[in-house]
Ligand code: PHE
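Residue numbers (this note's numbering): 341 to 780.
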């Protein structure tokens, strides 16, 4: 089992900021820049944002703390960590299902995440090379359909994205993850701020964007908005699939879990809100529809880039930003599996990463073919991509999150968690009440 390789057990991030960088990198991704604006658009704006914020505060933050605390307590990959805890606590080994489900979710999410990240790389390239220059929205939409219809083009970019992910992951947590994150995260902030500056100063629609996102009109809220807001809160904070548990295993004991969890949740929320404030004013300025769904970035926003002054440069920067955000999340999606494989079968990290990446790449082809129409099989009336998306966001992540909360709140010894969280007794009781009651 686990104890085999002591070098793994003792590995920690090199300084106290790295966990925060890594967790924020994991959290901030396509969920913030691509999904948050379009579902906010679909669900009508402010009221949806309010529910989403409540979900982040009351469920997201406590769960984020729970995952990190479990990881740091065991200092092992999620599966082996939970296995070790069930032994220590003398409880059923069935709890290991948390680790298995986590690895499966990460694997499945990455398979489609990589395809969509690939689209943004493709867009960055096309904007840079002037493909979209001066196109009207109808032609931009045609370009998007063209990319969707072409399996080879999507496969090429999906492959490129997986290769970069593989490269960073294989180099290990210090030379790969840390180094990569130290470059990616500041770049991400800078690019987003440039885009925000543009949307504030140049679109003339910034106030309308603000108003759309923050004026709360409950009459526009539908019942479906609540599970959607909850699912989005889990997805965006990378919860329910043990990514932060895997990162928590490398967190130095001196770091404060609570403070870090708050900061990560706040950073993630700020990035989502800023993304909305970048996207909506541009969409309004060009008379486009905020509720146009997953195509919001790839059709509406791109139509705007195609026509604004220096739009190609801004568009290029924007899609590089999307790609970087996706990359810093992708490395956390494979970490639970890769860490487990190196502990378990004692193969090198490089070998483990290659095996996992090839498998993820292959499953990703299912998503490519469901967009290109080459793979028409339908399961429960969903195509392959919709099925994987539904299975992960609506079933595996919420279920995983619930099991983790029950495990941390009811199964683990109070003192174990208390030591890790190091909170005042009042706050600790609040945390415990939230994980024990709210999730089940
Ligand atoms: N949080 C990431 C995003 O918002 C997605 C993700 C989910 C990453 C689960 C890791 C684990 O895009």
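Positions of the beta carbon are idealized from the N, C-alpha and C atoms, including for glycine.
query: Three-state secondary structure assigned by DSSP to residue 753; result: coil
query: Host alpha helix (DSSP H) of residue 604 (start-end); result: 597 to 625
query: Cross-strand partners of residue 722 (DSSP beta bridge); result: 719
query: Exposure label - residue 627; buried when at least 16 CB within 10 Å; result: exposed
query: Residue 367: CB within 6 Å of a non-hydrogen atom of ligand 1; result: yes
query: Length at least 4, wholly inside the segment 646 to 694: the alpha helix (DSSP H) runs in chain order; result: 651 to 684
query: Cβ separation of residue 672 and residue 587, assumed to be a contact under 8 Å, to the nearest whole Å; result: 7 Å
query: Contact the segment 657 to 665 vs the segment 454 to 468: 3+ CB pairs below 8 Å; result: yes
query: DSSP three-state assignment for residue 395, whether helix, strand or coil; result: helix
query: Exposure of residue 717, with buried meaning 16 or more beta-carbon neighbours within 10 Å; result: exposed
query: Within 7 Å, strictly: CB atoms of residue 363 and residue 685; result: no
query: Any chain D beta carbon closer than 7 Å to residue 504; result: This model lacks chain D altogether, as it is built from one protein chain only.
query: C-beta atoms of residue 707 and residue 455 nearer than 7 Å; result: yes
query: Where residue 498 falls, given that 16 or more other Cβ within 10 Å makes a residue buried; result: buried
query: Buried versus exposed call for residue 714 [16 or more other C-beta atoms within 10 Å across all chains shown]; result: exposed
query: Three-pair Cβ contact test at 8 Å for the segment 382 to 402 versus the segment 644 to 653; result: no
query: Rounded C-alpha distance that separates residue 561 from residue 380; result: 11 Å
query: Alpha-carbon spacing of residue 705 relative to residue 485, whole angstroms; result: 18 Å
query: Within 7 Å, strictly: CB atoms of residue 406 and residue 748; result: yes
query: Other residues of its chain near residue 737: CB distance less than 8 Å, five sequence neighbours each side excluded; result: 445, 571, 574, 575, 579, 580, 581
query: Distance between residue 371 and residue 566 (C-alpha atoms, nearest Å); result: 17 Å
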